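If you read the sequence shown in the working numbering, its first letter stands for residue -1, the second for the next number, and so on. The C-beta atom is built at its ideal place from N, Cα and C for all residues, glycine as well. Computed from a predicted structure; not experimentally measured. First up is the structure itself, then whatever we jot down about it.
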Amino acid sequence: MMRSGSAGGVPAVAGAVVLQFMLEVTLGRVFAAPDVLLLVLVYLSINHGDRWSIEGAFWAGLALDMLLHQPPGASSLGLLAGMVVATLVLEAMPRESRGAYLLAGGAGSVACDAVFFAAASRPFILSLDSDMLIILPRAVLTLAAGSAAAAAGILAGMVRREAAE
């Protein structure tokens, strides 16, 4: 599983899996839930190395599938596809930008959901009619969640600077 230097990321991914599960069983039943797990994996891959792109997506997706009683591997495939798209977006943009993180998360969310719905549909790929309509609202909610997290980080930094002065 995760190698040395990943001690801080494992609790973050575990917490994101639990949060994603709670969002899916509450907001996901009513309308759509943001893809918080993908945002956490994108953040960890930027700040702690690329192994989070593959190993984190695989194990987190498998755990989420077990919690939500979905076909095993459907979320893993979706998260892996989302991380590939997020990595391509990040390579095309400057890494210092907070906007790059948000765009990577939003684009990754679209890819993640498209692959997930294709992998989890029964029969395989043939029942994708109305399920695909939720992809755009989920991407918008993912961007909103990422923006809220970025704003909270900025505000926390401002409070720390004021306290230090």
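Taking residue i as the reference, give the member of the options with the closest Cα.
i, options, result
"G26", "A105, I152 and P135", "P135"
"G144", "V8, G80 and Y99", "Y99"
"T85", "G103, G97 and A137", "G103"
"S73", "A148, I52, L88 and A162", "I52"
"A137", "L101, M156, L88 and M64", "L101"
"L78", "L37, L66 and L65", "L37"
With DSSP collapsed to three states, give me the class of residue i.
i, result
"P69", "coil"
"G47", "coil"
"D33", "coil"
"M91", "coil"
"R159", "helix"
"R96", "helix"
"S119", "coil"
Nearest-angstrom Cα distance between residue i and residue j?
i, j, result
"G13", "F56", "15 angstroms"
"A105", "E160", "35 angstroms"
"L42", "G7", "7 angstroms"
"A118", "V82", "19 angstroms"
"F115", "Q68", "11 angstroms"
"V23", "R158", "35 angstroms"
"M20", "M91", "32 angstroms"
"L153", "H46", "23 angstroms"
"L66", "A31", "14 angstroms"
"M130", "V28", "16 angstroms"
"L139", "A146", "10 angstroms"
"E89", "L141", "19 angstroms"
Give me, in chain order, the residues of the same chain whose beta-carbon lies closer than 7 angstroms to that of residue i; leave out the 5 immediate sequence neighbours on both sides.
i, result
"A61", "V15"
"I133", "V108, D111 and A112"
"Q18", "V34, L35 and L62"
"W50", "G7, L39, L42 and S43"
Thinking C-beta only, is residue j closer than 9 angstroms to residue i?
i, j, result
"D48", "G80", "no"
"A148", "R96", "yes"
Could you name the residues of the same chain whose beta carbon sits closer than 6 angstroms to that of residue i, not counting the 5 residues immediately before and after it, in chain order?
i, result
"V11", "G54 and A58"
"L75", "V113 and A117"
"V87", "L101, A102 and A105"
Leaving out five residues before and five after residue i in sequence, what residues of the same chain have Cβ atoms less than 8 angstroms from its Cβ?
i, result
"M64", "P70"
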